[in-house]
Amino acid sequence: MSERKINSYNEPGWLDTLAAWLLALLWILPLLYAVWTAFHPAEYSTRFELLAPLTLDNFARAWEAAPFARYFLNTVLLVSMILACQLVLGTLAAYAFVRYEFAGKSLLFALVLLQLMIMPDILLVENYKTMARLGLVDTLLSVGLPYFASAFAIFLLRQTFLGIPKELVDAARVEGASSLQILWRVYVPLAKPVYTAFALVSVSFHWNNFLWPLIITNSVSARPLTVGLQIFSSTDQGVDWSIITAATLLSSAPLLIAFLLFQRQFVQSFMRAGIK
């Protein structure tokens, strides 16, 4: 087989490139429409004119029409609470699976893996019953509590801890370090890329989570952005696409800005963590 033919198999063809550009265009078109509509008066929401006047009134009207400040606060508190609990519980559970031998260890880890196969939506009714019995309905704690123990975090950190050289642990033990000191000074620093990658996944998921918060919350004091935006954009409030897209951009802006500013760190974290 000639060298030219081998290279032709290895190099992506123009069809692959065209398909990639088409997919990228399809992905970004809704975002472009939202940006265009949000920054222009309502009469330009359905037509494109290059010299159309720009305006920020849509953002001001959207901010005043609904308690978005409270929604933002609820979402930030919720995401931070869930992430902190997931990191602490995931780290301790993964460390126990790696460092200690105990009865039922394999069975317990199999149950952790089994949880990865269960869709959260299947447990909505049971979770609601549990929160009702605890008297936590319509609270931020009820929104985050079912997600505090993350099977994905436990699995990911366990696999990372298994790859840490045993010599480092032995050296720390010789220096007189306790189990928690070994965890904090050896395991955690070497797993920082994995923590970063998991944090990105967790924050983006729970920032956009909708169904469970919609079911468990009833008031402004506990609603996150996704539920508040859905209520704001309901037909009962009237459909004004300029204001709705402005509110949508307000809701998604933190994630978009974070990705644009730290996209290199995002990619490096995922590559080091082995998440594909």
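If you're matching positions, the sequence shown starts at 31 in this note's numbering and goes up one per residue.
Each residue gets a CB set at the ideal place from its N, CA and C atoms; glycine is no exception.
Treat the numbers as computed from the prediction; the structure is a model and nothing was measured.
Residue i Cβ short of 7 Å to the ligand HEM heavy atom set
i	result
residue 193	Judged by which ligands are present, the structure shown has none, so any question about the ligand HEM falls away.
Residue j beta carbon less than 8 Å from that of residue i
i	j	result
residue 202	residue 215	yes
residue 273	residue 91	yes
residue 172	residue 112	no
residue 115	residue 182	no
residue 104	residue 252	yes
residue 213	residue 130	no
residue 194	residue 123	no
residue 174	residue 108	yes
residue 89	residue 285	no
residue 186	residue 224	yes
residue 161	residue 155	no
residue 244	residue 101	no
Burial state of residue i (16 or more Cβ within 10 Å)
i	result
residue 258	buried
residue 120	buried
residue 249	exposed
residue 180	buried
residue 57	exposed
residue 46	exposed
residue 227	buried
residue 149	exposed
Three-state secondary structure assigned by DSSP to residue i
i	result
residue 306	For residue 306, the predicted structure reports a pLDDT of 49, less than 50, and the residue's modelled location is therefore unreliable. A value from the coordinates is still provided. Correct three-state label for residue 306: coil.
residue 36	At residue 36, the pLDDT of 49 sits below 50, so the modelled position is not reliable and the matter cannot be decided from this model.
residue 31	Residue confidence for residue 31 is low, a pLDDT of 48 falling below 50, so the modelled location carries little weight; the figure read from the coordinates is stated next. DSSP places residue 31 in coil when its eight states are reduced to three.
residue 289	helix
residue 6	For the chain, the structure presents residues 31 to 306; residue 6 sits outside this window and is missing.
residue 270	coil
residue 127	helix
residue 167	coil
residue 69	coil
residue 83	coil
residue 180	coil
residue 317	The question about residue 317 has no answer, for the chain in this structure spans 31 to 306.
residue 263	coil
N- and C-terminal bounds of the alpha helix (DSSP H) containing residue i
i	result
residue 199	196-204
residue 248	Unbroken run through residue 248: none, as it is neither H nor E.
residue 236	222-238
residue 174	170-174
residue 77	That residue, residue 77, is in no alpha helix (DSSP H); it is neither H nor E in DSSP.
residue 209	209-212
Give a yes or no on contact between the segment 133-141 and the segment 192-208, applying the rule of three or more CB pairs nearer than 8 Å. Result no; under three Cβ-Cβ pairs closer than 8 Å.
Across the segment 224-237 and the segment 65-81, are there enough close Cβ pairs to call them in contact, namely three or more that are closer than 8 Å? The segment 224-237 vs the segment 65-81: no contact.
Are three or more beta carbon pairs between the segment 270-287 and the segment 58-67 nearer than 8 Å? Short answer: they touch.
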